[in-house]
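Take the sequence shown: its letters are residues 72 to 399, numbered as in the working numbering.
In this text, a Cβ means the ideal position worked out from N, Cα and C, and glycines have one as well.
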Amino acid sequence: MTAARLIELWRGGLRESSHLGHVVISDADGVVEAWGNPGTVIFPRSSCKMIQALPLVESGAADAVGLGPEHLALACGSHNGARSHVDRVEAWLSGLGFEDEDLRCGAHMPRDPQEYRRLLCSDASPCQVHNNCSGKHAGFLTLKRHINAGPEYVELDHPVQRAVRRAFEEVTGETAAGWGLDGCSAPNFACTVEGLARAMAGFARPRSGKRGAAQRRLFEAMAAHPDLVAGEGRACTDLMRAMRGRAVVKTGAEAVFVAIVPERGLGVALKVSDGGTRGAEAAITALMVHLGLLSAEDPVVAKYLTGPIRNWRGFETGEMRCASGFPN
């Protein structure tokens, strides 16, 4: 089965571009709705950070050092590198006796405009805490410390990553189809779009025991702190705020998006084939409207899907639309 046409860009009454991809909505029993090929193998990239954070909570490492919802939201997040993010990660590391050099995620300029400008104007270099994945890596360091493992926690055979892989394969219900090195230097394990949606459905209706308790805590942390999962002006934060805790969404590089919907017991996973963020943000917005979590008239829907596209003079030049049949 080939990729389905999901989102279209129209200009002057003609379809100019199309975003194709694969989408699965799953519950605990399996696929509820799908577009494209549910069996397509993908790298979830940062969309699976709540899975990567499961060993942090299940092991007792989070409780041993008193991590709260803000820490867990950062562990699941891809933050903007704003001071609100950086200060929290720095305090987290300092409280455990770690420094920036203990991270293995690398440094990049922050996405947050104010912090970017501060660094640029002061001729200062970004630190690793500015990395959008520094919260996830602070979680890895916390687990590493708890199990008394070595410093190279991003290596494939390190106990931290072995625990992450076990959790990943258990919640997706699949043996990892392979692995690749993520932008933050941590292994990223491959699965099908269906497997990723199945994993999110598990978070939506957690079972009893340590796994279910961890899934519930991570969902609640993300829902309570959407600003720490991404940041101002980001689709994850904007959409979660608009849904007021009814669902959480999380993006990943190369146009992956997931959603967890507890009130319906549903997990959602999508991959836009061209890797374009625009198409993925529009598609996840359309799906949240489809599932009754957002009104079609909500301003956030206009921002990411239905609002007119304007040029630099403010003239309307086109629009994005859902392709015929997506969503039904």
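- Rounded to the nearest angstrom, the Cβ distance from Leu341 to Pro398 is 11 Å, too far for a contact under 8 Å.
- In the structure shown, Leu337 adopts extended strand secondary structure according to DSSP, grouped into three states.
- For Lys321, the enclosing beta strand (DSSP E) has its first and last residue at Val319 to Gly323.
- Take Ala75, set aside five residues on each side of it, and the residues of its chain with a beta-carbon closer than 6 Å to its own are Trp106 and Gly107, in chain order.
- Each of Leu337, Asp194 and Ala124 was checked against the Cα of Gly266, and the nearest Cα belongs to Leu337.
- Just so you know, the alpha carbons of Phe386 and Ile380 end up roughly 8 Å apart.
- By the Cβ test, the segment 286 to 295 is in contact with the segment 113 to 127, since at least three Cβ pairs between them sit closer than 8 Å.
- Looking only at Val371, Glu87 and Gly251, the smallest Cα-Cα distance to Leu227 is reached by Gly251.
- The three-state secondary structure of Ile218, taken from DSSP, is coil.
- Exclusion of the five residues before and after Ala238 leaves Ile122, Leu125 and Pro126 as the residues of its chain whose Cβ lies within less than 7 Å of its Cβ.
- As summarised for the segment 258 to 338, the continuous beta strand (DSSP E) elements at least 3 residues long and confined to that stretch are 258 to 260, 319 to 323 and 327 to 332, given in chain order.
- No Cβ-Cβ contact shorter than 8 Å links Ala294 with Leu77.
- Spanning the alpha carbons of Arg349 and Asp158 requires a straight line of approximately 30 Å.
- Taking a C-beta distance under 8 Å as the contact criterion, Asp171 and Cys198 qualify as a contact pair.
- Checking the DSSP bridge columns, you'll see Ile113 partnered with Cys262.
- For Gly251, the enclosing beta strand (DSSP E) starts and ends at Trp250 to Leu252.
- Ser205 carries a helical assignment under DSSP once its states are collapsed to helix, strand and coil.
- By the Cβ neighbour-count rule, Glu129 is buried, with 16 or more other Cβ atoms within 10 Å of its own.
- When the beta-carbon positions are compared, Val329 and Val320 come within less than 8 Å of each other.
- Under DSSP, Leu80 takes part in a beta bridge, and its partners are Ser88 and Met391.
- By DSSP's assignment, Trp106 forms a beta bridge with Val94.
- Sequence-distant partners of Gly152 (beyond 5 residues in either direction) whose C-beta falls short of 7 Å from its own C-beta, in its chain, are Pro181, Arg182, Asp183, Glu186, His201 and Asn203.
- Note on geometry: alpha-carbon atoms of Gly110 and Gly131 lie some 34 Å from one another.
- For Gly177, the secondary structure class from DSSP, reduced to helix, strand or coil, is coil.
- For the pair Glu79 and His90, the Cα-to-Cα distance works out to about 6 Å.
- For Arg381, the enclosing beta strand (DSSP E) covers residues Pro379 to Arg381.
- Exposed is the label assigned to Ala99, since fewer than 16 other Cβ atoms lie within 10 Å of its Cβ.
- Counting C-beta pairs with one atom in each stretch, the segment 303 to 310 and the segment 241 to 249 have fewer than three that are closer than 8 Å, which means they do not touch.
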